[in-house]
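Here is the structure we will look at.
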Amino acid sequence: GENVEQHPSTLSVQEGDSAVIKCTYSDSASNYFPWYKQELGKRPQLIIDIRSNVGEKKDQRIAVTLNKTAKHFSLHITETQPEDSAVYFCAAPPIIQGAQKLVFGQGTRLTINP
Amino acid sequence: KAGVTQTPRYLIKTRGQQVTLSCSPISGHRSVSWYQQTPGQGLQFLFEYFSETQRNKGNFPGRFSGRQFSNSRSEMNVSTLELGDSALYLCASSSTGSNEKLFFGSGTQLSVL
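Quick mapping for you: the protein sequence lines, in order, are chains A and B.
Taking the working numbering, the leading residue of the first sequence gets 2, the next gets one more, and so forth.
Taking the working numbering, the leading residue of the second sequence gets 3, the next gets one more, and so forth.
So this is what it looks like as structure tokens:
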């Protein structure tokens, strides 16, 4: 089945600097890669996703890149702000026809230092 | 539209008891998935329901079960509770088929004493 590895498990950056979180997946047929942000005590929320037919997607200060050959994808946050502090999860779906299932990485706790 | 609603928000049970958690998806969403979140194991997939049918199941024992009603609301049941079942149980809904955006509820925090 699908296996998703996420690194690092914790990340601390100075406000204004960039943060990068990386994930690798095992199922080469996976075609959808979302990123979720979970603030303390709150629900995970989708912040950006990418499908396998594109290599990069941007939304203001966040971007996701995908390398299908190497089976890895990354989240990039630029000009970090205190409100970016949260746990970030990547995910990938095993290809199961007609079913919804995401396999999540273990999460990265991002801390933005003022 | 209202978001995904889970009840109750907190639950305290003792070992051996059973528990039922409820999830109301976003209006129009027909797929409901359940995940268990623990500090050590992250987000683990439990099962997914679509149009009252279980389409997919994770690697959890048979004590964990669920169902979905005709209005897409879903319930999850855990029988013979164990201490290790203490976790945040999250439900998520999506509109139709596979690889769709998931919208999570706030979860039910279950503590087993």
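Every residue gets a Cβ at the ideal spot worked out from N, C-alpha and C, and that includes glycine.
Since the structure is predicted, the reported quantities are computational estimates derived from the model, not experimental observations.
The beta carbon of histidine 77 of chain A sits closer than 6 Å to the beta carbons of Val21 and Ala64 from its chain, once the five residues preceding and following it are set aside; these are given in chain order.
Taking 7 Å as the cut-off, the beta carbon of serine 108 of chain B is found no closer than this to the beta carbon of arginine 52 of chain A. For the segment 43-67 of chain B, the beta-carbon criterion of a distance under 7 Å to any beta-carbon of chain A is satisfied by Gly44, Leu45, Phe47, Glu50, Arg57 and Asn58. Counting only Cβ-Cβ distances below 9 Å, phenylalanine 106 of chain B has contacts in chain A at Tyr37, Gln39, Arg44, Pro45, Gln46 and Leu47, in chain order.
The alpha-carbon of threonine 81 of chain A is positioned some 18 Å away from that of histidine 8 of chain A. One alpha carbon belongs to arginine 32 of chain B, the other to glycine 68 of chain B, and they sit about 15 Å apart. Beyond the five residues adjoining it in sequence on each side, lysine 59 of chain B comes within less than 7 Å, by CB distance, of Phe49 in the same chain, given in chain order.
Contact check for leucine 103 of chain A against tyrosine 89 of chain A fails: the beta carbons are separated by 7 Å or more.
Rounded to whole angstroms, the Cβ separation of leucine 92 of chain B and arginine 17 of chain B is 23 Å, and the two are not in contact under 8 Å. Out of A/Pro83, A/Leu67 and A/Glu84, the CA that lies nearest to the CA of asparagine 32 of chain A is found in A/Leu67. Under the three-state reduction of DSSP, glutamate 77 of chain B is assigned to strand. Annotated as proximal: valine 80 of chain B and arginine 65 of chain B, with beta-carbon spacing under 7 Å. With a threshold of 16 other beta carbon atoms within 10 Å, proline 115 of chain A falls short and is exposed.
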